[in-house]
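Novice: Start counting the sequence shown at 420; every next residue gets the next number (the working numbering). I'd like to ask some things about the structure below.
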Amino acid sequence: MVGNNGVPFINGKLYDWADIVLVIAGVPVTGITGIEYKDDQDIVTKYGAGRYPVGYAKGRITATGKITLYQEEVEAIQRQSLTGRLQDIAPFDIIVNYLPDTGIVSTDKLRNVIFKNNGRGWKEGDTGQEVEIDLVMSHIEWNK
(Lines of atoms letter the chains of each structure in order from A and count residues from 1; the text may use other names and numbers.)
(Lines give C-alpha, C1' and ligand atoms only; values in the text may rest on other atoms or scores of the structure.)
Protein backbone atom coordinates (compact mmCIF):
# COMPACT_ATOMS: atom_id res chain seq x y z
CA MET A 1 0.00 0.00 0.00
CA VAL A 2 1.30 3.49 -0.87
CA GLY A 3 0.41 6.70 1.03
CA ASN A 4 -0.54 10.06 -0.51
CA ASN A 5 3.08 11.21 -0.55
CA GLY A 6 4.20 8.24 -2.65
CA VAL A 7 6.00 6.59 0.26
CA PRO A 8 4.95 2.99 0.93
CA PHE A 9 3.15 2.31 4.22
CA ILE A 10 5.20 0.07 6.46
CA ASN A 11 2.12 -1.62 7.87
CA GLY A 12 -0.67 0.82 6.96
CA LYS A 13 -1.70 1.40 10.60
CA LEU A 14 -0.37 4.05 12.97
CA TYR A 15 -0.89 4.18 16.74
CA ASP A 16 -4.10 5.64 18.14
CA TRP A 17 -5.35 6.15 21.70
CA ALA A 18 -7.19 2.83 21.69
CA ASP A 19 -3.85 1.03 21.16
CA ILE A 20 -2.47 2.21 24.51
CA VAL A 21 -2.80 0.01 27.60
CA LEU A 22 -1.45 1.55 30.80
CA VAL A 23 -0.52 -0.40 33.93
CA ILE A 24 0.18 1.31 37.26
CA ALA A 25 1.91 -0.83 39.89
CA GLY A 26 0.76 -3.98 38.09
CA VAL A 27 -2.90 -2.92 37.74
CA PRO A 28 -4.39 -2.02 34.31
CA VAL A 29 -5.93 1.47 34.40
CA THR A 30 -9.05 2.28 32.38
CA GLY A 31 -9.89 5.72 33.81
CA ILE A 32 -7.02 7.44 32.02
CA THR A 33 -7.47 10.28 29.53
CA GLY A 34 -3.84 11.28 28.96
CA ILE A 35 -0.20 10.49 29.62
CA GLU A 36 2.98 12.38 28.80
CA TYR A 37 6.55 11.41 29.58
CA LYS A 38 10.02 12.35 28.40
CA ASP A 39 13.63 12.41 29.38
CA ASP A 40 16.07 15.26 28.87
CA GLN A 41 19.83 15.02 28.94
CA ASP A 42 22.34 17.74 29.66
CA ILE A 43 24.49 18.01 26.54
CA VAL A 44 27.25 20.63 26.49
CA THR A 45 29.46 21.66 23.59
CA LYS A 46 33.19 21.74 24.32
CA TYR A 47 35.54 24.25 22.77
CA GLY A 48 39.21 24.12 21.95
CA ALA A 49 41.19 25.97 19.31
CA GLY A 50 39.10 28.19 17.03
CA ARG A 51 35.54 29.49 17.29
CA TYR A 52 33.63 26.28 16.86
CA PRO A 53 33.07 23.35 19.21
CA VAL A 54 35.50 20.46 18.96
CA GLY A 55 33.15 18.04 20.68
CA TYR A 56 30.43 17.60 23.23
CA ALA A 57 29.89 15.98 26.62
CA LYS A 58 26.79 14.33 28.05
CA GLY A 59 25.59 14.78 31.62
CA ARG A 60 22.55 13.99 33.72
CA ILE A 61 19.35 12.50 32.37
CA THR A 62 16.15 13.85 33.93
CA ALA A 63 12.86 12.02 33.37
CA THR A 64 9.51 13.77 33.87
CA GLY A 65 5.89 13.17 33.04
CA LYS A 66 2.26 13.73 33.84
CA ILE A 67 -0.86 11.66 33.79
CA THR A 68 -4.52 12.64 33.51
CA LEU A 69 -7.07 10.42 35.22
CA TYR A 70 -10.75 10.61 36.04
CA GLN A 71 -11.32 11.61 39.66
CA GLU A 72 -12.82 8.19 40.43
CA GLU A 73 -9.59 6.51 39.27
CA VAL A 74 -7.50 8.89 41.41
CA GLU A 75 -9.64 8.12 44.45
CA ALA A 76 -9.18 4.37 43.87
CA ILE A 77 -5.40 4.85 43.76
CA GLN A 78 -5.50 7.11 46.84
CA ARG A 79 -7.05 4.28 48.84
CA GLN A 80 -3.65 2.54 48.59
CA SER A 81 -2.11 5.32 50.70
CA LEU A 82 -2.14 5.04 54.49
CA THR A 83 -2.46 8.83 54.74
CA GLY A 84 -4.82 9.32 51.79
CA ARG A 85 -2.19 11.42 50.01
CA LEU A 86 -1.04 10.30 46.55
CA GLN A 87 2.42 11.68 47.33
CA ASP A 88 2.81 9.18 50.20
CA ILE A 89 2.41 6.08 48.01
CA ALA A 90 5.68 4.13 47.72
CA PRO A 91 7.50 4.33 44.34
CA PHE A 92 5.97 2.17 41.62
CA ASP A 93 6.38 1.50 37.90
CA ILE A 94 4.07 2.62 35.10
CA ILE A 95 4.08 0.41 32.02
CA VAL A 96 2.82 1.93 28.77
CA ASN A 97 2.03 -0.75 26.18
CA TYR A 98 1.33 0.10 22.56
CA LEU A 99 -0.79 -2.75 21.19
CA PRO A 100 -1.77 -1.96 17.58
CA ASP A 101 -3.84 -4.25 15.36
CA THR A 102 -0.63 -5.23 13.56
CA GLY A 103 0.45 -7.19 16.65
CA ILE A 104 3.83 -5.41 16.87
CA VAL A 105 3.97 -4.51 20.57
CA SER A 106 6.09 -1.67 21.94
CA THR A 107 6.48 -1.06 25.67
CA ASP A 108 7.88 1.92 27.60
CA LYS A 109 8.59 1.52 31.32
CA LEU A 110 8.50 4.50 33.67
CA ARG A 111 10.58 3.40 36.66
CA ASN A 112 10.27 4.31 40.34
CA VAL A 113 7.41 6.76 39.85
CA ILE A 114 6.11 9.05 42.59
CA PHE A 115 3.06 11.30 42.33
CA LYS A 116 4.14 14.91 42.79
CA ASN A 117 0.77 16.59 43.41
CA ASN A 118 -2.97 16.07 43.72
CA GLY A 119 -5.85 18.51 43.34
CA ARG A 120 -9.38 19.10 42.09
CA GLY A 121 -11.12 21.88 40.23
CA TRP A 122 -14.81 22.09 39.44
CA LYS A 123 -17.01 24.63 37.71
CA GLU A 124 -20.70 24.91 36.90
CA GLY A 125 -21.82 22.63 34.10
CA ASP A 126 -19.04 20.07 34.56
CA THR A 127 -20.14 16.50 33.92
CA GLY A 128 -16.96 14.87 35.14
CA GLN A 129 -13.57 15.63 36.61
CA GLU A 130 -10.19 14.93 35.04
CA VAL A 131 -7.23 15.24 37.41
CA GLU A 132 -3.77 16.01 36.02
CA ILE A 133 -0.91 14.75 38.19
CA ASP A 134 2.79 15.46 37.70
CA LEU A 135 5.09 12.45 37.90
CA VAL A 136 8.61 12.17 39.28
CA MET A 137 10.57 9.09 38.20
CA SER A 138 14.10 7.73 38.21
CA HIS A 139 14.27 6.87 34.50
CA ILE A 140 12.45 5.60 31.42
CA GLU A 141 13.20 2.34 29.68
CA TRP A 142 12.26 3.05 26.08
CA ASN A 143 10.79 0.29 23.92
CA LYS A 144 11.61 -2.58 26.27
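Backbone N, C-alpha and C fix where the C-beta goes; we use that ideal spot for every residue, glycine too. Only a predicted model underlies this, so the values are computations on that prediction, with no experimental measurement involved.
Less than 6 Å between C-beta atoms, sequence neighbours within five positions excluded: which residues of the same chain meet that for L441?
Specialist: On the sequence shown, position 22 is the one that residue 441 refers to. Excluding sequence neighbours, L441 sits near V448, I451 and V515.
Novice: Taking the DSSP output, what are the residues bridged to S525?
Specialist: Numbered from its first residue, the sequence shown carries residue 525 at position 106. According to DSSP, which records beta bridges pairwise, S525 is partnered with Y517.
Novice: When the Cα of T483 is compared with those of D435, K528, T521 and G445, which residue comes out closest?
Specialist: As a working note, residue 483 is residue 64 in the sequence shown. Looking at the Cα atoms, K528 is the closest of the given residues.
Novice: Compute the distance between the beta-carbons of I508 and S500, then report whether it is under 8 Å.
Specialist: In the sequence shown, counting from the first residue as 1, residue 508 sits at position 89. In the sequence shown, counting from the first residue as 1, residue 500 sits at position 81. Result yes, Cβ atoms of I508 and S500 sit closer than 8 Å.
Novice: Alpha carbon to alpha carbon, how far is H558 from A476? Give it in angstroms, no decimals.
Specialist: Locating residue 476 in the sequence shown gives position 57, where the first residue counts as 1. Locating residue 558 in the sequence shown gives position 139, where the first residue counts as 1. Between the alpha carbons of A476 and H558 lies a gap of roughly 20 Å.
Novice: Within its chain, find whatever has a CB closer than 8 Å to the CB of N537; leave out the 5 residues flanking it on each side and keep chain order.
Specialist: Translated into the one-based positions of the sequence shown, residue 537 becomes position 118. Taken in chain order, the residues that qualify are V493, Q497, R504, L505, Q506, V550 and I552.
Novice: Does A482 come out as helix, strand or coil in the three-state DSSP assignment?
Specialist: Indexing the sequence shown from 1 puts residue 482 at position 63. Strand, per DSSP.
Novice: Got a sec? Which residues, its chain only, sit under 7 Å from P519 by beta carbon, not counting five neighbours each side?
Specialist: Here residue 519 refers to the residue found at position 100 of the sequence shown. So the list reads K432, Y434 and D438, once near-sequence residues are dropped.
Novice: Just the Cα atoms here: how many angstroms apart are K457 and Y471?
Specialist: As a first step, residue 457 must be located in the sequence shown, where it is residue number 38. As a first step, residue 471 must be located in the sequence shown, where it is residue number 52. Pairing K457 with Y471, the inter-Cα distance amounts to about 30 Å.
Novice: Assign I462 to one of two classes, buried (16 or more other C-beta atoms within 10 Å of its C-beta) or exposed (fewer than that).
Specialist: In the sequence shown, the residue the question calls residue 462 occupies position 43. Classification of I462: exposed, given that the 10 Å Cβ count is below 16.
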